[in-house]
Structure formats: structure tokens, C-alpha cells
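Below: one structure, written as C-alpha cells.
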Amino acid sequence: MNVREAVLTVDETQTSFLEQGPSLIERAARTAATAAADADGVDRDARFPHKAFEVAREQRLLGVMIPVEFGGFGASIHDVTDVCYTLGRACASTAMIYAMHTTKVACVVRHGHGVPWMETMMRRVARDQWLLASSTTEGQNGGNIRASAAAVDVAGDTVSLLRDATVISYGAEADGLVTIARRATDASASDQVLLALARDDYSLKRTLGWETLGMRGTCSTGFELKVDCPADRVFPESYDRIHAQTMTPFAHLCWSSAWAGIAAAAVTRAQAFVRKAARTSGGQMPPAAAHFTAAKMSLAKLRALISANIDAFARAEHDERALGSLDFQSSITLLKVQASELAVETVMHAMRTAGLSGYRNDGEFTMGRHLRDVLSSPIMINNDRILANAATSTLMSGVPLSLHD
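Heads up, the sequence shown is in this note's numbering, so the first residue is -7 and it goes up one at a time.
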């Protein structure tokens, strides 16, 4: 069926599926089991985790955020971040792909109501389990997604766009794409719009490969992105509002949850190592057991930090003024920095707990993949860039007068 046809309706089979069946956590656990079994192969071959996403589609995980009226589950930010965490414990690439997909779906859900094409896309994500990719990195902008070089060219009821997309994660595997561009050829770099595209709205020409230390299964290759589509693919709202209200909160919360999952997986292996070492030595703790305590403490801080920010967003998600406040924007932006650093710290403590057993690639306590994957977190939108950009706003933000302000 051509995706440009009229709005689809939810059929009786889909409605029945929503009312019955396993819980969201059970669906995530089933997907995670497949992801874990294939994780080493995905990492070794730098290939897309097809098996995990086959199960994710069977479990209807790709459309959980879509409102029930459009065929989804109407899942909350608490729900989807739990899924990211669960998948992160199994396969980092699977978790990060799901986190990025969820962020794009959130943009369509939160800013697409009343727009026929956006509502059609919601129905296709729910019914057909479309996987949405993201194109935000462009040329040499180093991940600065608040400045675009390429501009949309409007001609009547159609638009075109040619973009040097140096990174599009899983772009070749996606059913659709969400991308940013300047509003017009004469617009400033920060005057941007967001586009939600179906697969037949654009073409991709590969320009860069993806041979990396970790997160190899995300297949974040570079492409020349050529768009030729109806003008209704452009969100009516300006991107600056979508960025502040949805893109940044969902990205930072979902990414952080995926990283926390990686950290939790490493701590689990460290715990198994300590228990085995204690059993074989008559209950005596191994020399590096103190690092396990540090790993548990670091993981607890990471989870508490993410949970606090999830709760803060959930309280404010329908309050435009609260979402735009300096305190909220500073907190949600800096979450990415803090969570990524804590995740790396946690995995390092876990590896040092197991020592050579964690450093090896051929044993039951190996943590090499976890460390390589989590090391992507501080450079995925570089922490130094975020801290430099946040300096002014954090200077303007007041220091709390009590513990509960």
C-alpha cells in the first residue's frame, strides 16, 4: 500500500490486541532475550540487530507510544525508558536504536495531532511497526542540531531537500525518517523546521562507513539525503519549540536509560564474578571487591538521577511554560552529561572488579563490549559542547535555598 494514501483506520484485530496479551515489560523482556543472544554477533559484524527487531515488531514495541486512538498503547515516558533500560542490559545497539526511534515517534505524537499526514504516520507506526530513523547530524556541524546548512525548497505543494547527512543511524533499515532543515534558502541557520518522511519520500546515497569502537550495530553510516515529497511532511510548529519540549527531553531520557542498562549489565557480571570468587576461596572477598561496591553506588546514583528527571518531565510534559523554564532546560540538558559520565564510571568499576576476567573477550565475565559501547555516550553530542553551551544559562540559574526547592 502506498503511504501517501488516505488516513488509515484501526481495525478490529489491532483493537483486540491492545486489550489483551502480555504486559509491556514482558514484551520488552522477550525482545531483550533475543537481543542478548545475538549481541556478540551484532557487535563483531557491525550489523543491524535484525533478530531483535523482528521480535520487537512481533511484540508491537515500536508503536507503544502511539495513542490508543491511532492504534498504539499510549505508553508513557516511564514505560519507554524502562524498555530502553531493559534492552540496554541485553544489547547496547538494540537499546540505542530503540531510544532514537522512540524520540522520533514522540515528536510525531506530541506535535502531529490534527495534521492528516502526521496522524497517518502514527497509524503506520502502530499498525505496521514502522522503524523511524533520525537525521540531525550534518556536514561538519559536530552534532550541533540547532544550526542547519541545508534548506527546504518549497514549490507549490511539494518540498525538496538535499542534505549531507554524515550520520544516519540504521538509515538503510528504517521505514521512515525524521530530519531537520532550514525553513527556506534565505532563512538563518537556527530558523529550522522538522520533517517526518516515509521511505518513498526520500533516497539515500551512502557516503561514509561505520567502523567504530562500540555501538557497532547502530550502523550509523553517512548518506547524501535527497528529499522530494508533499509539503505536509513539514511540521507546522517551528523546530525550536519541538526541540525544547520533546526532542531534547526524550532523547536525553531514553539515551540515558539505555546507558544505564549497559552499566547494569556490567554490574551484574561483576557481581557474578565476586560471588564465584568468594565461593572458591572459602568466603574470602577478591582483592578488587571494593570496586564492586563503588560500581553498585555509581549505578544507584545513575538510576536515581534518571528517575528524578523522568518524574520532572512527566509532571511538566503538558505545561509549555514549565518545559521552557530555565531550570528544566538546564536540568534535562545536563542530564546527558551526568548520565554518560556515570555510566562510564560504573562500567569501569565493574571491569576493575573482575580484573583480567572482565578484560578478556573470551570468558563468562567479559565486559569489553559493554565498555566499548558505553564509551560512545560522552561523545554522542560531545559533552564538552553541551557544557560550553550551557555555561550562560547555568550562571543565570539560582542556587537552591533548601534541599527540596
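A virtual CB, placed ideally from N, CA and C, is assigned to each residue, including glycine.
- DSSP lists Val219 as the bridge partner or partners of Tyr194.
- Between Ala20 and Ala44, the C-beta spacing is not below 8 Å.
- With contacts defined by Cβ atoms closer than 8 Å, Ser290 and Glu337 form a contacting pair.
- Per DSSP, Val75 is one residue of the alpha helix (DSSP H) stretching across Ile69 to Gly80.
- In terms of CA proximity to Thr150, Leu187 leads the group Val170, Asp120, Leu187 and Val117.
- Put simply, the stretch 249 to 258 touches the stretch 84 to 92. At least three CB pairs are less than 8 Å apart.
- His396 counts as exposed, since fewer than 16 other beta carbons sit within 10 angstroms of its beta carbon.
- By the Cβ rule, the stretch 195 to 210 counts as touching the stretch 156 to 172, because three or more pairs are nearer than 8 Å.
- Counting of Cβ neighbours within 10 angstroms places Ala342 among the buried residues, the total reaching 16 or more.
- At least 8 Å separates the beta-carbon of Leu124 from that of Val75.
- Taking the CA atoms as reference points, Val97 sits about 12 Å from Thr112.
- Annotation note: the stretch 235 to 293 contains the following uninterrupted alpha helix (DSSP H) runs of length 4 or greater, listed N- to C-terminal: 240 to 272.
- In the displayed model, Asp224 falls within a helix according to three-state DSSP.
- In terms of Cβ geometry, Ile298 and Ala255 do not form a close pair [threshold 8 Å].
- In chain order, Arg19, Arg22 and Thr23 place their CB closer than 7 Å to the CB of Gln51, counting only its own chain and leaving out the 5 sequence neighbours on each side.
- In the DSSP secondary-structure assignment, Ser152 is bridged to Asp145 and Asp220.
- In its chain, beyond the 5 residues on either side, Tyr162, Glu165, Gly209 and Cys211 have a beta carbon closer than 7 Å to the beta carbon of Phe40.
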